[in-house]
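See structure below.
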Amino acid sequence: MKFAILLFLFTIIVYGESPWVYAHKTLSLENFSIHYPKEYERYAHEVGKILEDIYPIFTEKYGLVLPNKTDVIISRDNHNSWAAAVQNTISIGVEPMDFNLRGTSQWLENVVTHEFSHIASISTGFKFPAWMPYIQAGTFSHPNEQNQVNGLYIYPSDILPPWFFEGIAQYDSKLYGTESWDSHRDMILRAKIREDSLMSWDDLSVFRGRADAYEMVYNHGFSLVSYINEMYGDGKVQAILRASSRVGRGNFDRSIEEVLGISGRELYDEWKSSLQKRYEQQVAQLGDTTEARAISNHGFNNFSPRFSEDGSRLFYLSNAESATFGQQLYSYNLDSFYEISYDDTVRSRLENHFVTGSYDILNDTLVTFSSTHSPQSRIPHSEGGGRYRTLYRGGISPTDSAVSRQRRRSLVQMSENGNFTAPSFSPTGDTVAAAFSRRGVATLALLDTTGSILREIPDFLEDNNPITALFSTHWAPQKDRIAFDFLDRESRSVAWYDLRKDSLVVLESPGVDARDPFFSHTGDALYFASDQSGIFNIYRHCLETNRTVQVTNVTTGAFSPAVDSAENRLAYTGYTAGGYHIFLKESLPDSLFTTPSSAQLEDRSPAFSQDDLFDAQRTLSGSVEPYRALPRRPLIVPTLMHESILSREDDLSRGISHLKYGVVANILDPLSWNDQGNAFTAFYLTESLWQQFRNAVFFDSYNRSDNKKIAYDLGLAFHTGMFPVDMDLFFFFRNVPATNEFVHDYSGEDVLEESDVSIQPSMLELKLSHALGNSFRGTFFTSYLNQNNQINISPFEDGSQYLRLQVGSIFRQGFLVSLLQQPYTERREISPYGLALRLQYDYSLGRFVDEERILTIENGRIQSNLNRYNFHTFSGEMKYGSPSFLLPDFDTEINVGATYIRIPQGTRDRIDSLREGATSKDNYIGGFPSFFQPSLILPGYSLSYRADSTLYELRDEYGNVTDTMVYYEDSLLVSDNIILDASLSYRVPLWPGETIDRTLGFLYFDRLFGGVNFGGALTAENVEDLTNKSHKDILLYFGTELRLQTIAFNGFPLSMSFRWDRGLDKPAPVGGDRFTFMFGFAFDNWNIIAEPAGHRHFDGVRHIPTAMGP
């Protein structure tokens, strides 16, 4: 315990000198506090100017007065842009993001406006004060009860569906000039309408499904909110927000009906009808369209086709069967035209699973790409953490032999300490061109094969209006030009750099998005994608004649072109309602290369012109100071909890109920939302707050002791992510009132009396953890666990005097290694796939009250007589989920657990000594105390059972029997020094088409699964005892389960499980039939695999839901 306290105090001292603290600064403005890495000071001022410009516009539009300054976090990660309205905090990823489902915009202005719009609009829809995100209530039955209800859920402050709040943010950004309804958004909606696959009204109300479905909600929401404003007028959106803020309103559709006078479904039908008319007219104006054959039917994120040297294969990136955007490098056999499954090596095969983004191939044998997986990609903690994108080169092969597979696994890292993307080999392979970005400026870097930067070009673009992002590169076969597309905060353009002339040439088309350049094999033509017609198509620019012609005329969109060496075949990425696929155009007409074009070329000199949409001359009246990582933003959650902790004396299968209420409170510093700051959590739940308050005010012995008759819980937690390791400190105290019958000798006569007992478990734990790669995590922990029983020793008097009896304590230190690999699937919530693993060791110094002589007197004080028990604990747990091998529609989940307590010889000798010294050896139980042993709640069985009882006779002063009483001894059913358990589950979707996609009131019904469960457990005292066990000693169960995955209030998962289990090896009420209804945020809680397995009195208390935050 002393070690834990000293370690914690040392950490607090180090905290004051942490280099990470000084790596961040705060720019304090009139309405905003902007926290940023010190090297991003320029961004902090730019963001500040934008925010102070739009602040009065948004607060006036929404009639809003924010409770305090908005905290703004500046982040390197472009995926780390978000808004937390409940904390009045936004995060801005300043590096431009290239997302293939949206067009390119003025990134910084757009993302800042978008996120602050969330703050203003969502806050308008709050039901409760900003510091109260929701209220929560829960109920937990005693584990001995045969019919159980267990769960906890919330009633949130806002009920806005994602289509609405994301649509508002995009519409607001468009209104103020930082966003637009671009060609990508139009392409997606056009494809959905033409293929009759528009998201349903119910589906729009939630984020769910595969990764691109989330973007569909953004896309559809933008269009639908625009429709509301155009058809029903300004102010209707704000009115819907205010209507949703009514405390008793849980159904958002009622707000639409109140404001617009029509139901949500009627609004949806109107909007859909308008889209059908619009796109019918648009497509009719296209004239003759070009045809191409789709060659990749798997996945929805297929991109970047490249022909092999001989034209027999086509390389491309694909997410294959994944439900995420994550890609790997595949190749497609073009010599065969029959269709077979994608994973057949004759047609399509995985070339290199390390290649997950932009790439280039040389001579069909070498590939270069960028990745974040190298240990050298890690950004130092003193600089804020995160990862760089590092360049690699590796091997590929036209065959799939063992040698070829080994070649594909061999990788060479080419760069360090910098963000490199979009690599391209020179024709000779001795140089690689790549986009190199730092501090918001992108340049074209030339590197040799060792990764050394030979040159950065064009240097002169860094001055007035620099390139902020460079997306793709391609080297001309003559090695004299490098083509790329870039963003200069005005538009996205295609350009090439002439290495001989040291000059930059940009293909100018004002207001047009041009991208994905690709040189022909001869180098005299450049193919690229452009939306100059309003729809993305492939174009060809002839460098000799300075003319550009349109190659494709598609109805949706065409991107990322590639031509074979003869320039006869064109491969490109095309969009359909099902996502991005690779298309092959078998021939290109000769006339294509002579058609004139109106596109113009312009020699570019150093500066790019830019018309600022905001006041660039604004002078910020603010101050800069070091960031203070002090938690300061409170969140308070009122909580109501019903639970049964103890079983009834007269009926072991029923629990004693307690109804507690109180609060869970978080106090956060802004950077804790990115797990880089500090957060305090506290919770207090009590049966009677008034009684405890009265006892505190009238502080006499009677009222003070009266607190022990009230059930209450108290918890404190601290988390910090400021150091190279995450640190958590947790304290928990619980008071459980109970009664105890005893025989009192009153003037020589036995009298049966009842006395109050207060059971008080407590725990203090320090945990240090650190990621060991992408999936592993290492954790060191030290904890002190204690249980006191406070016994009323004066039950007959008006007041109460309690004797404190320390039952036992454990001081333990240990470590664990955990693994969590859980791929994202559409079934992830209801039937997860993947592998979770925990291996743990801890050494415990335990003390437990002596069985014969409970009390001792030391220095005139009555104390517990405790014996020491030191022991080692080894434990492990594994969860594995996957599709069934035999039944393709079924999912399989396997759970295996094991715990082993090893008792060292010194403790064994002490146990033997206690047994030998016992005065009543016949009744002495002795042995290793069950207080230290692990336990398990096995489905189909109760937690404990009544093992034995003793009949006690009450006598009067003459020795006559006047009454009898029974002392019961309760034992845990599954508990010993060794516990082995395993379970097997099969699950299958029960709804046709798997997705229900229906809304009823505030509930969205997503998926319904049925399952069968089997399992069992075996206990033993030691290894020798375990080897003597037979199958008859195993407690087995089986049962069925119905899982219903819903989403409540448009954004909060609500998982409901109806389960029947039968314990086969014990009669009722210990075994037999048990029915359980469970509800909450998740079914399986795989993520807690990284938590230390604890003592049975404290399992689960770490996971009491906090207000919000990390």
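So in the working numbering the end of the sequence shown lands on 1117, straight run, no missing numbers. Don't be surprised by glycine CBs; every beta carbon is placed ideally from N, CA and C.
> Closest to PHE687 by CA distance: which of GLU656, LEU723, SER664 and TYR719 is it?
Replying inline: Minimum Cα distance to PHE687 is reached at LEU723.
>> Looking only at its chain, what residues have a beta carbon closer than 8 angstroms to the beta carbon of ILE717, apart from the 5 residues adjacent to it on each side?
In response: Result list for ILE717: THR693, GLU694, SER695, GLN698, GLN699, ASN742 and PRO744, in chain order.
> Expressed to the nearest angstrom, what Euclidean distance is found between the alpha-carbon atoms of VAL824 and GLY1101?
Replying inline: Here the alpha carbons of GLY1101 and VAL824 stand approximately 15 angstroms from one another.
> Tell me the DSSP bridge mates of GLY655?
Replying inline: Just to set this straight, residue 655 is Arg in the shown sequence, not Gly. Paired residue(s): none; ARG655 is not in a bridge.
>> Does HIS528 come out as helix, strand or coil in the three-state DSSP assignment?
In response: If DSSP states are grouped into helix, strand and coil, HIS528 belongs with coil.
>> What does the alpha-carbon distance come out to for the pair ASP351 and ALA144?
In response: Residue placement at ASP351 is poorly supported in this model, since its pLDDT is 41, which falls under 50; the coordinates still yield a value, given next. Cα-Cα distance, rounded: 52 angstroms.
> chain B beta carbons: is any one of them nearer than 9 angstroms to that of GLY1101?
Replying inline: Absent from the structure: chain B. Only one protein chain is present.
> Looking only at C-alpha atoms, which of ASP105, ALA584 and GLU173 sits nearest to THR428?
Replying inline: Of the candidates ASP105, ALA584 and GLU173, the one whose C-alpha sits nearest the C-alpha of THR428 is ASP105.
>> Going by C-alpha to C-alpha distance, which of ILE80, GLY70 and SER280 sits closest to ALA51?
In response: For ALA51, the nearest C-alpha among the options comes from ILE80.
>> Just to confirm the assignment, what range does the alpha helix (DSSP H) spanning ASN236 have?
In response: Residue range 218–239 is occupied by the alpha helix (DSSP H) that includes ASN236.
>> For ARG1050, tell me which candidate among GLU836, PRO946, LYS76 and ILE1096 has the shortest Cα-Cα distance.
In response: Answer by Cα proximity: GLU836.
> Using the beta-carbon count (16 or more within 10 Å), is ASP870 buried or exposed?
Replying inline: Note that residue 870 corresponds to Gln in the displayed sequence, not to Asp. Looking at its Cβ environment, which holds fewer than 16 other Cβ atoms inside 10 Å, GLN870 is exposed.
>> For a quick check, are the C-beta atoms of ALA1097 and ILE985 less than 9 angstroms apart?
In response: Cβ distance not < 9 angstroms, so ALA1097 and ILE985 don't count as in contact.
>> The alpha helix (DSSP H) that contains PHE427, what's its start and end?
In response: Careful: PHE427 lies outside any alpha helix (DSSP H), inside the beta strand (DSSP E) at 426–432.
>> Judging by CA-CA distance, which residue of ARG249, TYR178, SER212 and HIS879 is the nearest neighbour of SER233?
In response: Closest option to SER233, Cα to Cα, is TYR178.
> Tell me, which residues are paired with MET1063 by DSSP?
Replying inline: MET1063 is bridged to LEU1051 and PHE1086.
> Around the Cβ of TYR29, are there at least 16 other Cβ atoms within 10 angstroms (buried) or fewer (exposed)?
Replying inline: Summary for TYR29: the model assigns pLDDT 44, below 50, so the residue's position carries little reliability, and this model does not support an answer.
> By the 10 Å Cβ neighbour count, where 16 or more other Cβ atoms means buried, how is TYR965 classified, buried or exposed?
Replying inline: Its Cβ having fewer than 16 others within 10 Å, TYR965 is exposed.
>> I need the DSSP call for GLY966, collapsed to helix, strand or coil.
In response: In this structure, GLY966 counts as coil in the three-state DSSP scheme.
>> For GLY268 and TYR239, what's the separation of their Cα atoms in angstroms?
In response: Whole-angstrom Cα-Cα distance: 11 angstroms.
> What are the boundary residues of the alpha helix (DSSP H) that SER281 is part of?
Replying inline: That run of the alpha helix (DSSP H) goes 271–291.
> In terms of alpha-carbon separation, which member of ASP203, PHE822, ALA92 and ASP983 lies closest to PRO936?
Replying inline: Relative to the Cα of PRO936, the nearest Cα in the group ASP203, PHE822, ALA92 and ASP983 belongs to ASP983.
> Nearest-angstrom Cα distance between PRO1099 and SER187?
Replying inline: So the alpha carbons of these two residues sit roughly 49 angstroms apart.
> With a cut-off of 8 angstroms, do at least 3 Cβ pairs link the stretch 245–256 to the stretch 282–290?
Replying inline: These segments do not touch.
> Does the count of Cβ pairs from the stretch 644–657 and the stretch 149–156 closer than 8 angstroms reach three?
Replying inline: At 8 angstroms Cβ cutoff, the stretches touch.
>> At the level of alpha carbons, what is the spacing between GLU609 and TRP89?
In response: For GLU609, the predicted model reports a pLDDT of 37, less than 50, meaning its position is unreliable and no value from the coordinates is stated.
>> With a threshold of 8 angstroms, are at least 3 pairs of Cβ atoms found where one atom belongs to the stretch 540–550 and the other to the stretch 489–498?
In response: The stretch 540–550 is not in contact with the stretch 489–498.
> Between TYR587 and GLY581, what straight-line distance do the alpha-carbon atoms span, to the nearest angstrom?
Replying inline: Each residue's Cα considered, the two are about 6 angstroms apart.
> Which runs of the beta strand (DSSP E) spanning at least 3 residues fall entirely within the stretch 304–386, listed in chain order?
Replying inline: Fully enclosed beta strand (DSSP E) runs of 3 or longer: 310–314, 320–325, 335–340, 355–359, 366–369 and 373–378.
> Name the DSSP bridge partner or partners of GLY1070?
Replying inline: DSSP links GLY1070 through a beta bridge to TYR1044 and GLY1079.
>> Which residue marks the beginning of the alpha helix (DSSP H) containing LYS68, and which one marks its end?
In response: 48–68 is the span of the alpha helix (DSSP H), which, as asked, contains LYS68.
> Ends of the beta strand (DSSP E) at LYS886?
Replying inline: Taken as a continuous stretch (DSSP letters only), the beta strand (DSSP E) holding LYS886 covers 873–890.
>> Relative to the C-alpha of SER190, which candidate in THR562, LEU827, ALA92 and ALA672 has its C-alpha closest?
In response: Minimum Cα-Cα distance from SER190 among the listed residues THR562, LEU827, ALA92 and ALA672 corresponds to THR562.
>> Can you look up HIS481 in the DSSP assignment and give me helix, strand or coil?
In response: When DSSP states are grouped into helix, strand and coil, HIS481 belongs to the strand group.
>> So for ASP916, helix, strand or coil by DSSP?
In response: Correct three-state label for ASP916: helix.
>> If you measure between the beta carbons of ILE126 and THR77, is that distance less than 9 angstroms?
In response: Yes.
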